[in-house]
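Asks: Residue 568 in my numbering sits at position 497 of the sequence shown, and the numbers go up by one each step.
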Amino acid sequence: MQGFADMKISKGKTMQLKELLSNLNYECLYGSLECEVNEVINDSRKVENGGLFICITGMKSDGHDFVSQVIEKGARVLVVERDICADITAGALVTVIKVPCTRYAQAIIAANWFGHPANEIKTIAITGTKGKTTTAYLIKSILEQAGYKVGLIGTIEIIIGDKHIAAKNTTPESLLIHKYLREMVSAGLDIVVMEAASQGFKLNRTAGIIFDIGIFTNLSPDHIGPGEHVDFAEYLSCKRMLFTQCKKGFVNLDSEHYPEIIMGHTCEITTYGIDSPADLQADGLELYRDNSSLGVCFGVSGLLKFQASVASPGKFSVYNALAAILVCHHFDVPITIICQALLNARVKGRIEILPVAADFSLMIDYAHNEMSLASLLKSLKEYEPKRLVCLFGCGGNRDKSRRDKMGEVSGRLADLTIITSDNPRDEEPQDIINDIKTGITKTNGQYVEIIDRREAIAYAIRHGRAGDIIVLAGKGHEDYQEIKGVKYPLDEREVVQEIFK
Numbered sequence: 072m073q074g075f076a077d078m079k080i081s082k083g084k085t086m087q088l089k090e091l092l093s094n095l096n097y098e099c100l101y102g103s104l105e106c107e108v109n110e111v112i113n114d115s116r117k118v119e120n121g122g123l124f125i126c127i128t129g130m131k132s133d134g135h136d137f138v139s140q141v142i143e144k145g146a147r148v149l150v151v152e153r154d155i156c157a158d159i160t161a162g163a164l165v166t167v168i169k170v171p172c173t174r175y176a177q178a179i180i181a182a183n184w185f186g187h188p189a190n191e192i193k194t195i196a197i198t199g200t201k202g203k204t205t206t207a208y209l210i211k212s213i214l215e216q217a218g219y220k221v222g223l224i225g226t227i228e229i230i231i232g233d234k235h236i237a238a239k240n241t242t243p244e245s246l247l248i249h250k251y252l253r254e255m256v257s258a259g260l261d262i263v264v265m266e267a268a269s270q271g272f273k274l275n276r277t278a279g280i281i282f283d284i285g286i287f288t289n290l291s292p293d294h295i296g297p298g299e300h301v302d303f304a305e306y307l308s309c310k311r312m313l314f315t316q317c318k319k320g321f322v323n324l325d326s327e328h329y330p331e332i333i334m335g336h337t338c339e340i341t342t343y344g345i346d347s348p349a350d351l352q353a354d355g356l357e358l359y360r361d362n363s364s365l366g367v368c369f370g371v372s373g374l375l376k377f378q379a380s381v382a383s384p385g386k387f388s389v390y391n392a393l394a395a396i397l398v399c400h401h402f403d404v405p406i407t408i409i410c411q412a413l414l415n416a417r418v419k420g421r422i423e424i425l426p427v428a429a430d431f432s433l434m435i436d437y438a439h440n441e442m443s444l445a446s447l448l449k450s451l452k453e454y455e456p457k458r459l460v461c462l463f464g465c466g467g468n469r470d471k472s473r474r475d476k477m478g479e480v481s482g483r484l485a486d487l488t489i490i491t492s493d494n495p496r497d498e499e500p501q502d503i504i505n506d507i508k509t510g511i512t513k514t515n516g517q518y519v520e521i522i523d524r525r526e527a528i529a530y531a532i533r534h535g536r537a538g539d540i541i542v543l544a545g546k547g548h549e550d551y552q553e554i555k556g557v558k559y560p561l562d563e564r565e566v567v568q569e570i571f572k
């Protein structure tokens with residue numbers, strides 16, 4: 072038997088069904104509302120006696136197809152978005168609740184089940200095409216140095232005190248979000264920083280939460296295709312939802328999509344920027360480079376006035392820093408702590424410099440689309456390397472249009488491109504490489520192709536020259552490579568260490 076997801080939320084407690092359905096529009100199609108529930112679940116394989124089963128329609132399976140099985144297992148309540156009463160045996164002790172959208176209902180039920188933990192902790196949500204992860208860690212780092220206890224829900228991991236949980240989605244399913252929030256409240260945390268992906272809004276994973284702060288970084292076409300967004304307009308509209316779900320919005324004024332992002336907002340808006348006169352502005356950007364870092368020094372003006380530095384390259388690093396500074400200003404963090412924390416913050420797989428060579432710079436970054444790769448390479452070129460070497464591939468079973476675009480970007484901006492594999496998934500690696508080559512051959516850029524990513528990394532290192540900047544792009548924090556449905560261990564940090572040994 073298959074279910075929608077491996078998710079079961081039970082804490083050995085019971086709750087009245089009417090309480091669970093608070094703040095929901097629903098219709099009772101079958102059974103009685105006068106019953107108790109001892110678990111909330113959306114995985115048909117894990118249903119137990121007395122549970123509430125939410126029928127979620129997913130990409131690969133539909134919870135409505137498992138009604139008979141979950142009733143046999145003892146499900147007490149079914150939450151559906153279409154009538155399934157014909158599948159119920161007469162006299163069955165089950166209640167069927169119909170709602171307009173089970174994903175939305177799941178979010179509200181999860182909040183009710185866990186006692187609305189989002190109301191007991193300060194919540195910060197970050198949305199945008201890129202910069203979410205780096206900004207989240209920057210905020211967490213600065214606030215913790217100021218004495219706050221901060222949790223994190225993001226692309227790489229969930230952090231609850233000393234507990235680190237590997238993330239499956241940038242924004243988890245709503246049942247997990249409220250479970251994590253309750254654990255954070257119980258652990259005595261003050262603040263949680265969450266990456267809010269467009270899919271999270273589209274699938275109602277954050278429905279019902281009013282964030283204390285919402286942050287918008289930037290926007291470019293991404294996640295458009297089967298199973299994601301039908302077009303850029305939908306992608307933008309999902310990002311925009313954050314500013315009807317927060318009390319204060321911190322928004323990048325330099326984004327060309329700024330007017331569209333704040334359209335219909337219900338929160339107080341504060342802006343940050345570099346090129347436009349914003350509430351918090353950076354100016355006088357100066358680059359610096361040493362053996363272990365590429366960074367930027369800049370002045371801050373507007374709501375605050377001081378000099379700051381970030382130990383990561385590029386204009387986009389300054390934007391991330393400005394967003395973090397606004398948050399810390401909101402929480403009255405002293406400027407001295409902000410400055411020190413900005414210099415010390417590091418994020419795995421985000422412009423992560425590996426200090427392994429004295430004569431050239433080697434870094435790992437998650438850039439995996441046209442905009443992020445172009446932004447990264449342009450920023451690195453500003454440091455005037457002897458050569459800029461870019462190693463990357465593209466994921467299989469994903470939008471093919473990004474492949475030739477990324478090839479063209481690297482061919483135009485890098486001195487040498489090493490085309491290799493990313494996560495080929497079910498596609499042939501050479502077919503993906505050929506797609507990338509259609510873009511790079513439109514330029515005069517030099518390139519080599521090496522299918523095996525380990526061999527490609529070894530080639531990049533062994534051919535490194537003094538003054539080079541070499542970037543391994545696309546994998547970032549990931550420690551695996553997915554090939555034909557199997558995830559093989561591949562942590563680029565370990566690969567690099569092995570090569571240097």
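In this text, a Cβ means the ideal position worked out from N, Cα and C, and glycines have one as well. This structure is a prediction, so every number in the text was calculated from the model and none was measured.
Secondary structure at S372, three-state DSSP: helix, strand or coil?
Replies: What you label residue 372 is simply residue 301 of the sequence shown in a count that begins at 1. Here S372 sits in strand by DSSP.
Asks: Grouping DSSP H, G and I as helix and E and B as strand, with all else coil, what is I570?
Replies: Working through the sequence shown from its first residue, we reach residue 570 at position 499. Reduced to three states, the DSSP call for I570 is helix.
Asks: So, with DSSP's three-state summary, where would you put V557?
Replies: Within the sequence shown, the letter at position 486 stands for residue 557. Three-state DSSP puts V557 in a strand.
Asks: Who does S380 pair with in a DSSP beta bridge?
Replies: Against the sequence shown, residue 380 aligns to sequence position 309. DSSP lists C368 as partners of S380.
Asks: Pick out the complete beta strand (DSSP E) segments inside the region 181-251, 3 residues or longer, and give them in chain order.
Replies: Runs of the beta strand (DSSP E) inside the region 181-251: 193-198, 221-224, 228-231, 234-237.
Asks: Between which two residues does the alpha helix (DSSP H) containing T407 stretch?
Replies: Position 336 of the sequence shown, counting from 1, holds the residue named residue 407. Run containing T407: 406-415, per the alpha helix (DSSP H) assignment.
Asks: So what does DSSP say about M255, is it helix, strand or coil?
Replies: The residue given as residue 255 occupies position 184 in the sequence shown. In the structure shown, M255 sits in a helix (DSSP, three-state: H, G or I).
Asks: Is the separation between the beta-carbon of P495 and that of I554 shorter than 7 Å?
Replies: Residue mapping note: residue 495 aligns to position 424 of the sequence shown, counting from 1. Residue mapping note: residue 554 aligns to position 483 of the sequence shown, counting from 1. Yes. Within cutoff.
Asks: Please state whether the Cβ-Cβ distance between Y454 and L365 is less than 7 Å.
Replies: Here residue 454 refers to the residue found at position 383 of the sequence shown. Here residue 365 refers to the residue found at position 294 of the sequence shown. Their beta carbons are under 7 Å apart, which means Y454 touches L365 by this criterion.
Asks: For I286, which residues from the same chain have a beta carbon less than 6 Å from its beta carbon, with the 5 sequence-adjacent residues on both sides left out?
Replies: On the sequence shown, position 215 is the one that residue 286 refers to. Excluding residues within five positions, the ones whose Cβ falls inside 6 Å are I197, F321, A394.
Asks: With DSSP as the reference, label Q552 as helix, strand or coil.
Replies: In the sequence shown, counting from the first residue as 1, residue 552 sits at position 481. Looking at Q552 - three-state DSSP - the assignment turns out to be strand.
Asks: Hey, out of G538, A392, G482, C461, whose CA is closest to I210's CA?
Replies: Within the sequence shown, residue 210 is the residue found at index 139, counting from 1. Among G538, A392, G482, C461, the Cα nearest to that of I210 is on A392.
Asks: Is the Cβ-Cβ distance between L488 and Y518 less than 7 Å?
Replies: Residue numbering aside, residue 488 sits at position 417 when the sequence shown is read from its first letter. Residue numbering aside, residue 518 sits at position 447 when the sequence shown is read from its first letter. According to the sequence provided, residue 488 is Thr. The question's Leu does not apply to it. Cβ atoms of T488 and Y518: closer than 7 Å.
Asks: Is it the case that the Cβ atoms of S115 and Q140 are separated by a distance below 7 Å?
Replies: Walking along the sequence shown from the start, residue 115 turns up at place 44. Walking along the sequence shown from the start, residue 140 turns up at place 69. Contact: yes.
Asks: Within the continuous beta strand (DSSP E) that includes D475, where are the two ends?
Replies: Within the sequence shown, the letter at position 404 stands for residue 475. Per DSSP, D475 belongs to no beta strand (DSSP E); it is in the alpha helix (DSSP H), 472-484.
Asks: Do G279 and A176 have their C-beta atoms within less than 7 Å of each other?
Replies: Here residue 279 corresponds to residue number 208 of the sequence shown, with the count starting at 1. Here residue 176 corresponds to residue number 105 of the sequence shown, with the count starting at 1. Not in contact: G279 and A176 (Cβ atoms no closer than 7 Å).
Asks: Exposed or buried, what is N440 when buried is set at 16 or more other beta-carbons lying within 10 Å of its beta-carbon?
Replies: Sequence index remark: in the sequence shown, residue 440 carries index 369 (1-based). Its Cβ being crowded by 16 or more others within 10 Å, N440 is buried.
Asks: How many angstroms separate the CA atom of I528 from the CA atom of D154?
Replies: For this step, residue 528 is matched to residue 457 along the sequence shown. For this step, residue 154 is matched to residue 83 along the sequence shown. Distance between the alpha carbons of I528 and D154: 55 Å.
Asks: Beta-carbon within less than 7 Å of S93's beta-carbon, same chain only, minus the 5 sequence neighbours each way: which residues are those?
Replies: The residue you call residue 93 lines up with position 22 of the sequence shown. The residues are N183.
Asks: Measuring straight from C-alpha to C-alpha, what distance separates I168 and E98?
Replies: Residue mapping note: residue 168 aligns to position 97 of the sequence shown, counting from 1. Residue mapping note: residue 98 aligns to position 27 of the sequence shown, counting from 1. Cα to Cα, the separation comes out at about 6 Å.
Asks: Does R421 pass the burial test, meaning 16 or more other C-beta atoms within 10 Å, or should it be called exposed?
Replies: One-based indexing of the sequence shown puts residue 421 at position 350. Per the 10 Å Cβ criterion, buried.
Asks: Three Cβ pairs or more, each shorter than 8 Å: is that satisfied between the region 265-279 and the region 223-243?
Replies: yes
Asks: Three Cβ pairs or more, each shorter than 8 Å: is that satisfied between the region 498-513 and the region 456-472?
Replies: yes
Asks: Please classify Q316: does DSSP put it in a helix, a strand, or coil?
Replies: To locate residue 316, count along the sequence shown from 1; it is residue 245. When secondary structure is reduced to three states using DSSP, Q316 falls in the coil class, being assigned neither helix nor strand.
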